[in-house]
Amino acid sequence: MSTPIRLYTQATPNGLKVSILLELLGLKYDVTPIDFSKNEQKEDWYLKLNPNGRIPTIVDTSTNTILAETAAIMQYLVDTYDKENKFSYKIGTPLYYKQLEVLYFQMAGVGPMQGQMGHFKRAAPEKIPYAIERYENETKRLYSVVEEYLNRNKANGPFLVGDHLSIADIAVFTWANFLERGGIDIKPWPLLENWIESIAKLPAVQVGLNVPKRD
Numbered sequence: 001m002s003t004p005i006r007l008y009t010q011a012t013p014n015g016l017k018v019s020i021l022l023e024l025l026g027l028k029y030d031v032t033p034i035d036f037s038k039n040e041q042k043e044d045w046y047l048k049l050n051p052n053g054r055i056p057t058i059v060d061t062s063t064n065t066i067l068a069e070t071a072a073i074m075q076y077l078v079d080t081y082d083k084e085n086k087f088s089y090k091i092g093t094p095l096y097y098k099q100l101e102v103l104y105f106q107m108a109g110v111g112p113m114q115g116q117m118g119h120f121k122r123a124a125p126e127k128i129p130y131a132i133e134r135y136e137n138e139t140k141r142l143y144s145v146v147e148e149y150l151n152r153n154k155a156n157g158p159f160l161v162g163d164h165l166s167i168a169d170i171a172v173f174t175w176a177n178f179l180e181r182g183g184i185d186i187k188p189w190p191l192l193e194n195w196i197e198s199i200a201k202l203p204a205v206q207v208g209l210n211v212p213k214r215d
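At position 8 of the sequence shown (counting the first as 1) the number is 8 in the UniProt record's numbering, and the numbers step up by one without a gap.
What follows is the structure in structure tokens.
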């Protein structure tokens, strides 16, 4: 039996943000994996849902909502389904805006720079040392900023904002969780290392990291 929420996704840092949040919120949802090898994200049926041709996209028939862009999706999910602010902060409060600051920092900085680093290190048809060095150095700089966010907030626990896990943490976590696989040593950032470990061991996060399910 289908649920009102359908997630079109793949197991990338961006896709995992949404599956993890759905699991943390305890929401039932159906998954449609998007096959990059077949370029499904560029097919007409998918572009009608998401004109940018990227993942993830969410369709919630209970509210007639179709959304792409992970920051928008995550904000929608907590605004709609997290009324007790278990993974968010109350709209209009200082912590709400700090949450947005970190969320946008991830969207504008961490994701694009780390993504470019990964591309030039693993996928580019030729190795371009300048590009690899540029994006690797910027990725490291951005994670030193993440370390500083954790340092400034350490009195409240291992969270980027406030005193509990929020969409700000989730958005950065899925990218940080790929750092070592990208050849980046996280030992220089002890708060970051502890923060990654504390989030990764949460049962809902473990389930969300396995969406779409792999054989």
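Each residue gets a CB set at the ideal place from its N, CA and C atoms; glycine is no exception. Quick caveat, the model's predicted, so the values are computed rather than measured.
Find out if the Cβ-Cβ distance for the pair Lys154, Leu100 is shorter than 8 Å. With respect to Leu100, Lys154 sits apart: the two C-beta atoms are not nearer than 8 Å.
For Ile66 and Ile34, I'd like the C-alpha separation in whole angstroms. Each residue's Cα considered, the two are about 16 Å apart.
At the level of alpha carbons, what is the spacing between Glu147 and Gln114? Approximately 16 Å, taken between the alpha carbons.
According to the Cβ coordinates, are Gly182 and Gly92 closer than 8 Å? Cβ atoms of Gly182 and Gly92: not closer than 8 Å.
Residue environment, Asp82, which counts as buried when at least 16 other CB atoms sit within 10 Å: Counting Cβ neighbours within 10 Å, Asp82 comes out buried, since at least 16 surround it.
Where Asp185 falls, given that 16 or more other Cβ within 10 Å makes a residue buried: Burial state of Asp185 is exposed, judged by a 10 Å Cβ sphere holding fewer than 16 other Cβ atoms.
Evaluate Asn210 with the Cβ neighbour count: other Cβ atoms within 10 Å of its Cβ, from every protein chain shown; 16 or more gives buried, anything less gives exposed. Asn210 comes out exposed.
Nearest by alpha-carbon distance to Trp45: which of Val145, Thr70, Tyr8 and Thr12 is it? Closest option to Trp45, Cα to Cα, is Tyr8.
Which residues does DSSP pair with Pro33 in a beta bridge? Within the DSSP bridge table, the entry for Pro33 names Thr9 as partners.
So, under 8 Å CB-CB, Ala11 and Pro212 are touching, yes? Tell me the CB distance rounded to an integer number of Å. Under the criterion of beta carbons closer than 8 Å, Ala11 and Pro212 qualify as touching, at roughly 6 Å.
Check Val59 in the structure and name its three-state DSSP category. Note: Val59 maps to strand in three-state DSSP.
Which residue or residues does DSSP assign as beta-bridge partners of Ile66? Val59, per the DSSP bridge assignment.
Can you give the Cα-Cα distance for Leu77 and His164, rounded to whole angstroms? Between the alpha carbons of Leu77 and His164 lies a distance of about 17 Å.
CA nearest to the CA of Gln75, picked from Phe159, Gln206, Ser198 and Ala171: Gln75 has its Cα closest to that of Ala171, out of Phe159, Gln206, Ser198 and Ala171.
Going by the beta-carbon positions, is the gap between Phe120 and Ala131 smaller than 8 Å? Cβ distance < 8 Å, so Phe120 and Ala131 count as in contact.
Residues in the same chain with beta-carbon distance under 6 Å from Thr61, minus the five sequence neighbours each way, listed in chain order, please. Cβ neighbours of Thr61 beyond the five flanking positions: Pro4.
Buried versus exposed, by CB contacts within 10 Å (16 or more), Gln206: The residue is exposed, with fewer than 16 neighbouring Cβ atoms inside 10 Å.
With a threshold of 16 other CB atoms inside 10 Å of the CB of Pro188, please say whether the residue is buried or exposed. So Pro188 counts as exposed.
Collapsed DSSP secondary structure at Asp79 in the structure displayed: Correct three-state label for Asp79: helix.
Near Asn151, which residues of its chain fall below 7 Å by C-beta distance, leaving aside the five closest residues on each side in sequence? Counting only Cβ-Cβ distances below 7 Å, and skipping sequence neighbours, we find Leu191.
Cβ shell of Phe36 (< 8 Å), same chain only, five flanking positions each side left out: Excluding residues within five positions, the ones whose Cβ falls inside 8 Å are Gln10.
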